[in-house]
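> Shown below is the structure under consideration.
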Amino acid sequence: MADLLIELICEEIPARMQMRAAQDLEKLVSGALNDAGLPHGSARHFVAPRHLAVYIDDVAVRQEDVSEERRGPRADAPEQAIAGFLKS
147 MADLLIELIC EEIPARMQMR AAQDLEKLVS GALNDAGLPH GSARHFVAPR HLAVYIDDVA
207 VRQEDVSEER RGPRADAPEQ AIAGFLKS
């Protein structure tokens with residue numbers, strides 16, 4: 147497990163928007179880790195007028211291996227169908 151710190155340096159954020167921006171960043175990063183299959187521990191956000199930061203502890207270093215099998219068109223199918231399958 148590893149720790150993850152993401153800090154964004156930006157233009158000055160108005161005081162009334164700082165906390166919401168930090169909370170949204172925390173939700174986005176945490177959601178992206180979940181979508182990527184990377185379990186993690188607790189997340190905390192930090193904010194200053196020109197900085198947003200998210201600290202997440204116990205982030206998995208590797209995601210689980212995933213195997214996916216997809217059935218495609220028959221071998222004698224039109225070339226367009228095969229090309230469409232390969233693009234997807």
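The sequence shown begins at 147 in my numbering and counts up one residue at a time.
Glycine included, each C-beta is placed from N, C-alpha and C at the ideal position.
Small disclaimer: the values here were computed from a predicted structure and weren't measured.
1. Do Leu184 and Ala206 have their beta-carbon atoms positioned less than 7 Å apart in this structure?
2. Out of Tyr201, Pro195 and Ile202, state which residue places its alpha-carbon closest to the alpha-carbon of Glu157.
3. Quick one: grab the DSSP three-state call for Val175.
4. May I ask you to report which of helix, strand or coil DSSP gives Ile159?
5. Could you pull out every residue in the same chain whose Cβ sits closer than 7 Å to the Cβ of Pro224, ignoring the five residues on either side in sequence?
Let's see:
1. Yes. Within cutoff.
2. For Glu157, the nearest C-alpha among the options comes from Pro195.
3. Val175 sits in a helix when the DSSP states are folded into three classes.
4. Ile159: coil per DSSP, three-state reduction.
5. The beta carbon of Pro224 lies closer than 7 Å to none in the same chain, with the five residues before and after it left out.
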